[in-house]
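Accompanying notes for the structure given below.
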Amino acid sequence: MRTKAPDQGPHDGPTMAKPARKFEKIAFVASDVPEARGALERLSARYGNADPDKADAIVALGGDGLMLQTLHSHLRDGVPIYGMNRGSFGFLMNEYSEEDLKGRLGRAEINVIHPLAMRAVDSSGELHEGLAFNEVSLFRQTYQAAKLRISVDGTVRLDELICDGVLVATPAGSTAYNLSAYGPILPINAPLLALTPISAFRPRRWRGALLPNVARLQFDVLEPDKRPVSAVADHTETRSVTRVEVAQANHIASYLMFDPGHALDERILSEQFRY
Numbered sequence: 024m025r026t027k028a029p030d031q032g033p034h035d036g037p038t039m040a041k042p043a044r045k046f047e048k049i050a051f052v053a054s055d056v057p058e059a060r061g062a063l064e065r066l067s068a069r070y071g072n073a074d075p076d077k078a079d080a081i082v083a084l085g086g087d088g089l090m091l092q093t094l095h096s097h098l099r100d101g102v103p104i105y106g107m108n109r110g111s112f113g114f115l116m117n118e119y120s121e122e123d124l125k126g127r128l129g130r131a132e133i134n135v136i137h138p139l140a141m142r143a144v145d146s147s148g149e150l151h152e153g154l155a156f157n158e159v160s161l162f163r164q165t166y167q168a169a170k171l172r173i174s175v176d177g178t179v180r181l182d183e184l185i186c187d188g189v190l191v192a193t194p195a196g197s198t199a200y201n202l203s204a205y206g207p208i209l210p211i212n213a214p215l216l217a218l219t220p221i222s223a224f225r226p227r228r229w230r231g232a233l234l235p236n237v238a239r240l241q242f243d244v245l246e247p248d249k250r251p252v253s254a255v256a257d258h259t260e261t262r263s264v265t266r267v268e269v270a271q272a273n274h275i276a277s278y279l280m281f282d283p284g285h286a287l288d289e290r291i292l293s294e295q296f297r298y
């Protein structure tokens, strides 16, 4: 029986819960860097390496890129995922240690997160779908700036945005590309999404918006033949889109585990005081 977080309502934000049982069967996954592969060998020899389908927890060894891949690979499995940093920054990871791993898993706190669902229509009318734990982004494909119309819950809020692009970020992803684009950092338990322009040209003073996480966004590409735009949900890209819809997928929940005192909400709070 796998450990799961308490049931949530359809529009609840991320919460934290204590695991309800011990973690005996551990599955390990690792990135391709030598530090991660070496850790995989040592930890597997020490704790065994269970089949992810039968594991009580998955331990990801690498950086944030591997964590995103692991979240997508086990999207509907309901298995909590605990990361240990064998990469570079490792914002979504815990500190690496080979000691008392089962005890650390038993003491860990669980963050429940929901991805964004992207529905994109390309220039041929074909529908493409993707999920994003960090952000959904729209980018210009050529030297021409993109022209976008932005609607929220069926109401046009911005008739024309001329820009390099725009993104919608989750709280978990607000410290990633969103922060680099000067978007706001969101507490992990905030029921919000960040709508952030990328190098806006007109309106020059528009800096984006904070939206409730139940909002449904639509981006219409203006002049798509002259100014083609691509849409990306984490690692899934669709080229030459004409319309993109984004909404939080509240029916899908993933579980991230963090050591006490180092949970994702604390990391996001700490990030706001870096200089």
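Take the sequence shown: its position 177, counted from the start at 1, is 200 in this note's numbering, and no numbers get skipped.
Yeah, the Cβ is synthetic: ideal placement off N, Cα and C, and Gly gets one too.
As the structure is a prediction and not an experimental result, all values here were calculated from the model.
CA nearest to the CA of residue 236, picked from 185, 271, 59 and 220: Nearest neighbour of residue 236 by Cα position, chosen from 185, 271, 59 and 220, turns out to be 271.
Given a cut-off of 8 Å on the beta-carbon distance, is the pair residue 98 and residue 275 in contact? Yes; because the gap between Cβ atoms is below 8 Å, this pair is in contact.
What is the DSSP secondary structure of residue 291, reduced to helix, strand or coil? In the structure shown, residue 291 sits in a helix (DSSP, three-state: H, G or I).
For residue 264 and residue 145, which I take to be in contact (beta-carbon distance under 8 Å), what is that distance rounded to the nearest angstrom? So it is a contact: roughly 6 Å between Cβ atoms.
Exposure label - residue 94; buried when at least 16 CB within 10 Å: So residue 94 counts as buried.
Using alpha carbons as the reference points, say which of 253, 169, 101 and 139 lies closest to residue 269. Measuring from the Cα of residue 269, the nearest candidate turns out to be 139.
Kindly indicate the opening and closing residues of the beta strand (DSSP E) around residue 10. Residue 10 lies beyond the stretch modelled for the chain, which goes from 24 to 298, so this question has no answer here.
Looking at C-alpha atoms only, which residue of 96, 80, 100 and 101 is the closest neighbour of residue 107? Residue 80 is the option with its Cα nearest to residue 107.
Can the beta-carbon of residue 267 be found closer than 8 Å to that of residue 154? Going by C-beta atoms, residue 267 is not nearer than 8 Å to residue 154.
On the DSSP letters alone, give me the boundaries of the beta strand (DSSP E) that residue 170 sits inside. Note, residue 170: beta strand (DSSP E), 169 to 175.
Coarse secondary structure for residue 235, derived from DSSP in three states: Looking at residue 235 - three-state DSSP - the assignment turns out to be strand.
In angstroms, rounded to a whole number, what distance separates the CA positions of residue 147 and residue 46? Taking the Cα positions, residue 147 is about 49 Å away from residue 46.
Ignore the nearest five residues each way along the sequence and tell me which others in residue 233's own chain have a CB closer than 7 Å to its CB. Taken in chain order, the residues that qualify are 207, 215 and 217.
Straight-line gap, residue 181 to residue 172 (C-alpha atoms, nearest Å): Those two C-alpha atoms are separated by around 6 Å.
Could you check if residue 132 is buried or exposed, using at least 16 other CB atoms within 10 Å of its CB as the buried criterion? By the beta-carbon neighbour count (other beta carbons within 10 angstroms, threshold 16), residue 132 is buried.
Since I believe residue 186 is in contact with residue 210 (beta carbons under 8 Å), could you give me their beta-carbon distance rounded to a whole number of angstroms? Contact flag wrong, Cβ pair sits at about 27 Å.
Can you find the residues in the same chain that come closer than 6 Å, C-beta to C-beta, to residue 54, ignoring five residues on each side of it along the sequence? Sequence-distant Cβ neighbours of residue 54 in its own chain, meaning closer than 6 Å and more than five residues away, are 85 and 89.
Can you tell me whether residue 196 is buried or exposed, with buried defined as 16 or more other CB within 10 angstroms of its CB? Buried, by the Cβ-count rule.
How many whole angstroms separate the CB atoms of residue 189 and residue 224, which I take to be in contact at a CB cut-off of 8 Å? Not a contact, Cβ separation roughly 12 Å.
Compare the beta carbon distance of residue 136 and residue 198 with 8 Å and say whether it is the shorter of the two. Cβ distance not < 8 Å, so residue 136 and residue 198 don't count as in contact.
Beta-carbon proximity check, residue 281 vs residue 134, cutoff 8 Å: Between residue 281 and residue 134, the C-beta gap is smaller than 8 Å, which places the two residues in contact.
Counting C-beta neighbours from all protein chains within 10 Å, is the total for residue 42 16 or more, i.e. buried, or is it exposed? The predicted model places residue 42 with a pLDDT of 46, which falls under 50 and marks its position as unreliable, so this point remains unresolved.
Return helix, strand or coil for residue 124, following the three-state DSSP convention. Reduced to three states, the DSSP call for residue 124 is helix.
Buried or exposed, going by whether 16 or more other CB atoms sit within 10 Å of the CB of residue 283? It counts as exposed.
According to DSSP, simplified to helix, strand and coil, what is residue 93? In the structure shown, residue 93 sits in a helix (DSSP, three-state: H, G or I).
Identify whether residue 297 lies in helix, strand or coil by the three-state DSSP scheme. Coil.
Thinking C-alpha only, which one of 191, 204 and 239 is nearest residue 175? Of 191, 204 and 239, the smallest CA-CA separation from residue 175 is found for 239.
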